[in-house]
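Data first, discussion second: the structure below is written as structure tokens.
There are 2 protein chains.
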Amino acid sequence: MRKVAVIGVGNSKFGNRQDVNVTELAFEAVKPAIEDAGITPKDIEFVAVGSAGAGAWYEEALPAVITAEYCGLTGAGLVRCEAACASGSAAVFTVYSAIASGQIDIGMALGLEKMREVDTPTVVELIGRAGYYLWEFHNFGMTFPAYYAMHATAHMAKYGTTEEDLALVAVKNHKYAAMNPVAHFQKEITIDEALSSYPIAWPLKLYDCCPVTDGAAAVILASEEKVKELKIDTPVWIESIGYSSGTGNLSRRDTYVGLKSSVIAAQKAYKKAGVGPEDIEVATVHDCFTIAEIMAYEDLGFCKKGEGPKLLREGQTEIGGKIPVNVDGGLKAKGHPIGATGCSMIYELTKQLREEAEKRQRQVPLKNYIALAHNVGGTGHYCYVTILRR
Amino acid sequence: MRKVAVIGVGNSKFGNRQDVNVTELAFEAVKPAIEDAGITPKDIEFVAVGSAGAGAWYEEALPAVITAEYCGLTGAGLVRCEAACASGSAAVFTVYSAIASGQIDIGMALGLEKMREVDTPTVVELIGRAGYYLWEFHNFGMTFPAYYAMHATAHMAKYGTTEEDLALVAVKNHKYAAMNPVAHFQKEITIDEALSSYPIAWPLKLYDCCPVTDGAAAVILASEEKVKELKIDTPVWIESIGYSSGTGNLSRRDTYVGLKSSVIAAQKAYKKAGVGPEDIEVATVHDCFTIAEIMAYEDLGFCKKGEGPKLLREGQTEIGGKIPVNVDGGLKAKGHPIGATGCSMIYELTKQLREEAEKRQRQVPLKNYIALAHNVGGTGHYCYVTILRR
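So the sequences go chain by chain: E and P. At the far end of the first sequence sits residue 1801, using our numbering, and the numbering has no gaps. At the far end of the second sequence sits residue 1801, using our numbering, and the numbering has no gaps.
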């Protein structure tokens, strides 16, 4: 199997981006990624676009085609990947496989989503369909805050996790988002503000939920031969990608205090990379809701099951702690443009591993230069875990 | 690069399948494919689902998740691939790359589409969005019959192609569909019936257009090591997959008498496989409209540009001719469940290369056992060409 490296990354400003259409938004990520890699659009042989809401919460049915055209990539092989909120990681996996197999030397994963063309109740309804639509959505009216509220209450009941613990995730991630120029939210919040924000689905309050965000992120991958030919200074190698899936029907899950697909995807990724959770020095995890970050700590093996809140309270997931998590603000505060998120995680970790995190105080101190991205689709319907090493 | 073979195929009955939901339809393809391969669902490490209309012309937003669950595949890596009408081929490419790279040994590409849950005008409108939506659809009201009518009039103007030539494609493909138990249409038609059918978008009449079809097809791929371990009698090897893309905006195309993305995808596939068009003994090509089959003959190099009608008139694309094309009935008469089509093409060619075509008179005589599948998305927005060899 050929080695594959990240050689260029770009990230649009995340936020309410009604100032641009979807192709212009993509361009904001593609242009800097191409410049970063020191290549031209014509060098890119295959493009995988991660986007979940094409034709639903934004109008264009074929975003891969029109963004490729706008960015000068027409002629390359093309596909759109949908793995719900893990669509960006699925796009990375597709391009990674194409290069690792020897079919191509340079490819691009482009994650993008325009979510704010419809109002929030509509987008929440559309996202809510991404469960077992005919069963849970139609019969029970489940939407995603409700799904993750179930996870939260299960975790609280079994491990004594508190509303304050959930709020701590929000406070941490807002703190880092305030230092991240691409983040949707640029302000810190206090634990009191989080706890007194209005209820969405108990115990989740407004500040426990990621926002509805527009954004794009691009990741250019290349073979080892190409890395040498292009004289890339600081290639960031993809050591492995693990993946798994979960049932659509939640009543068929063994447990609600974690996501089995996260556990399996992580095990696969660790095994292929020959590392363990103790080797990871910086991670981006899928914190669509605050409880999801706590479950991820446990599912990824950063601590034992049930000890996520303790890890958090001790500050171990902040910079300076044992395993800094979501120091870009996470989905919670950087924002979660669904298809873009997986690519944006790789953008952040590439910047971290190159020691280029925008402001000095956002740079994680590194020794072994190993990082992990954890990207979940739905409530564990899909999961991809990617391990990177400089 | 590791060798990859097709080891199992399945195809649901194509047609108006309001008797089943999408998971049941998928099962009709997955079950025989798994039995054909002689494996169990748990052996499948990764599943790529080709489907374009999820959440649009059928309700389920995450068809990959729920079909995986229904077919016992939960836990495998999972992604849905969208490349418009080439989604099935994109799914094959994804699984092929994952195996060729050495990441997995067995994977499945599952193409599916439920198109008849909405009425025909609605589905035609939704498909029509798969151009440059904000430009051509909104401003000019273009839908796909209109797009391909433009191709037809261009071909007629430049090469003297006639309405009778178009009708000949329909007559040929209906003839073979009548012998294919999975085909949507099981009846032959005459050239007079084709020519006197009602106009859709001149010169295209009803019988020049593929139907709106429900269907699913599954293709199981495996590494060479696994082929040996499983003692597969007649593996069908994927020699190469070529791909390309075209502009969304048709005003930026150089020509209307063919699809540049088909030409480039074919050139890539021929080069990688080390064969030429003269080596192909049986082909499935993307005949969403009759003119598309004629353009494909030319774009794939089965004849010179402009000589497609001659090749057809001579009967060279029938069984017994130089290069039999769409002897399963093609999209035109077997039907075109959008995401399923690419996988169904591989189903047909695998059966042909194994000399298992259902009825004796549908089996193409083979010498070198080389076949080609040509799958287009939109009007050449995407193209995948796959070359198979037994």
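For every residue, glycine included, the Cβ atom is placed at its ideal position computed from N, Cα and C.
Residue range of the unbroken alpha helix (DSSP H) whose run includes residue i
| i | result |
| --- | --- |
| E/Ser1673 | Lys1671 to Ala1684 |
| P/Pro1532 | Thr1531 to Gly1539 |
| P/Ile1702 | Thr1701 to Asp1710 |
| E/Cys1754 | Thr1752 to Leu1764 |
| E/Pro1748 | Run containing E/Pro1748: none; DSSP gives neither H nor E here. |
| E/Glu1604 | Ile1602 to Ser1607 |
| E/Tyr1719 | The residue you asked about is not Tyr; residue 1719 of chain E is Gly in the sequence shown. Unbroken alpha helix (DSSP H) run through E/Gly1719: Gly1719 to Arg1724. |
| E/Ala1511 | Ser1498 to Ala1511 |
| E/Val1736 | Taken as a continuous stretch (DSSP letters only), E/Val1736 belongs to no alpha helix (DSSP H), as it is neither H nor E. |
Limits of the beta strand (DSSP E) - the one that residue i falls within
| i | result |
| --- | --- |
| P/His1785 | Ile1781 to Gly1788 |
| E/Ile1517 | Ile1517 to Glu1524 |
| E/Val1796 | Tyr1793 to Arg1800 |
| E/Leu1489 | Gly1488 to Glu1493 |
| P/Pro1474 | From DSSP, P/Pro1474 is part of no beta strand (DSSP E) but of the alpha helix (DSSP H) over Pro1474 to Tyr1481. |
| P/Phe1457 | Phe1457 to Gly1461 |
| E/Ile1631 | Gly1626 to Ser1634 |
| P/Gly1653 | Val1647 to Ser1656 |
Chain P contact for residue i (CB, 8 angstroms cutoff)
| i | result |
| --- | --- |
| E/Arg1800 | no |
| E/Cys1714 | no |
| E/Gln1514 | yes |
| E/Asn1550 | no |
| E/Gly1466 | yes |
| E/Cys1492 | yes |
| E/Cys1660 | Residue identity check: residue 1660 of chain E is Asn in the sequence provided, not Cys. It does; some Cβ of chain P falls within 8 angstroms. |
| E/Ile1611 | no |
| E/Ser1508 | yes |
| E/Ile1517 | no |
Partners in chain E for residue i, counting only beta-carbon separations shorter than 7 angstroms
| i | result |
| --- | --- |
| P/Glu1709 | Those within 7 angstroms of P/Glu1709 in chain E number zero; the least Cβ separation is about 19 angstroms. |
| P/Glu1650 | Within 7 angstroms Cβ-Cβ: nothing; P/Glu1650 doesn't reach chain E, min ~12 angstroms. |
| P/Val1417 | By Cβ distance, chain E contributes nothing, its closest Cβ being about 17 angstroms from P/Val1417, past 7 angstroms. |
Test: residue i CB closer than 8 angstroms to a CB of chain E
| i | result |
| --- | --- |
| P/Met1412 | yes |
| P/Val1534 | no |
| P/Arg1540 | yes |
| P/Ile1477 | yes |
| P/Tyr1667 | no |
| P/Gly1789 | yes |
| P/Leu1489 | yes |
| P/His1792 | yes |
| P/Thr1816 | Shown here, chain P extends from 1412 to 1801; a query on residue 1816 of chain P therefore has no answer. |
| P/Tyr1559 | no |
| P/Ile1675 | yes |
| P/Tyr1654 | yes |
Distance cut-off 7 angstroms: residue i Cβ against heavy atoms of the ligand SAM
| i | result |
| --- | --- |
| E/Ala1560 | Of ligands this structure carries none, so the ligand SAM is not represented either. |
Chain E contact residues for residue i, given Cβ-Cβ distances below 9 angstroms
| i | result |
| --- | --- |
| P/Cys1482 | Within chain E, no residue comes near P/Cys1482; the closest Cβ sits about 12 angstroms away, beyond 9 angstroms. |
| P/Gly1657 | Val1476, Glu1480, Thr1485 and Gly1486 |
| P/Glu1439 | Within 9 angstroms Cβ-Cβ: nothing; P/Glu1439 doesn't reach chain E, min ~18 angstroms. |
Under 7 angstroms from the C-beta of residue i: neighbouring residues of chain P
| i | result |
| --- | --- |
| E/Asn1737 | None at all; the shortest Cβ gap to chain P is about 24 angstroms. |
| E/Ala1501 | Val1490 |
| E/Ala1495 | Leu1473 |
Nonlocal neighbours in the same chain, by C-beta distance under 6 angstroms from residue i, ignoring five residues either side
| i | result |
| --- | --- |
| P/Ser1634 | Arg1413, Ile1510 and Asp1516 |
| P/Arg1801 | Val1647, Leu1764 and Tyr1780 |
| P/Ala1448 | Ile1418, Gly1419 and Ile1631 |
| P/Gly1732 | Gly1726 |
| P/Ile1538 | Phe1555 |
| E/Lys1525 | Val1433, Tyr1469 and Asp1625 |
Spatial neighbours of residue i in its chain, beta-carbon cut-off 7 angstroms, leaving aside the 5 residues before and after
| i | result |
| --- | --- |
| E/Arg1540 | Phe1548 |
| P/Tyr1507 | Val1415, Leu1632, Ile1649 and Ile1652 |
| E/Asp1454 | Ile1517 |
| E/Thr1658 | Arg1664 |
| P/Glu1574 | Leu1606 and Pro1614 |
Chain E contact residues for residue i, given Cβ-Cβ distances below 8 angstroms
| i | result |
| --- | --- |
| P/Leu1723 | Here the premise fails: no neighbours, minimum Cβ distance about 29 angstroms. |
| P/Ala1444 | Per Cβ cutoff of 8 angstroms: no residues; P/Ala1444 is ~18 angstroms from chain E at best. |
Chain-ordered chain P contacts of residue i [CB-CB under 9 angstroms]
| i | result |
| --- | --- |
| E/Glu1729 | Per Cβ cutoff of 9 angstroms: no residues; E/Glu1729 is ~32 angstroms from chain P at best. |
| E/Tyr1543 | Glu1471, Leu1473, Val1476, Ile1477 and Glu1480 |
Under 8 angstroms by beta carbon: chain P residues contacting residue i
| i | result |
| --- | --- |
| E/Glu1692 | Residues of chain P passing the Cβ test: none, with the nearest at roughly 25 angstroms. |
| E/Ala1784 | Neighbours of E/Ala1784 on chain P: none; closest Cβ ~15 angstroms, over 8 angstroms. |
I'd like to know if the segment 1696 to 1707 of chain P and the segment 1613 to 1631 of chain P are in contact, where contact means that at least 3 CB-CB pairs between them fall below 8 angstroms. Touching, yes, given that three or more Cβ pairs across the two stretches are closer than 8 angstroms.
So, does the segment 1430 to 1441 of chain P touch the segment 1471 to 1488 of chain P, judging by three or more C-beta pairs under 8 angstroms? For the pair of segments examined, the segment 1430 to 1441 of chain P was found to touch the segment 1471 to 1488 of chain P: the number of CB pairs separated by less than 8 angstroms reaches three.
Take every Cβ of the segment 1771 to 1790 of chain E, pair it with every Cβ of the segment 1597 to 1614 of chain E, and state whether three or more of those distances are shorter than 8 angstroms. No, they do not touch.
The segment 1744 to 1762 of chain E contacting the segment 1677 to 1688 of chain E, beta-carbon criterion three pairs below 8 angstroms: Taking one beta carbon from each stretch, the segment 1744 to 1762 of chain E and the segment 1677 to 1688 of chain E have fewer than 3 pairs nearer than 8 angstroms; the two do not touch.
With a threshold of 8 angstroms, are at least 3 pairs of Cβ atoms found where one atom belongs to the segment 1707 to 1717 of chain P and the other to the segment 1576 to 1587 of chain P? Output reads no: the segment 1576 to 1587 of chain P does not touch the segment 1707 to 1717 of chain P.
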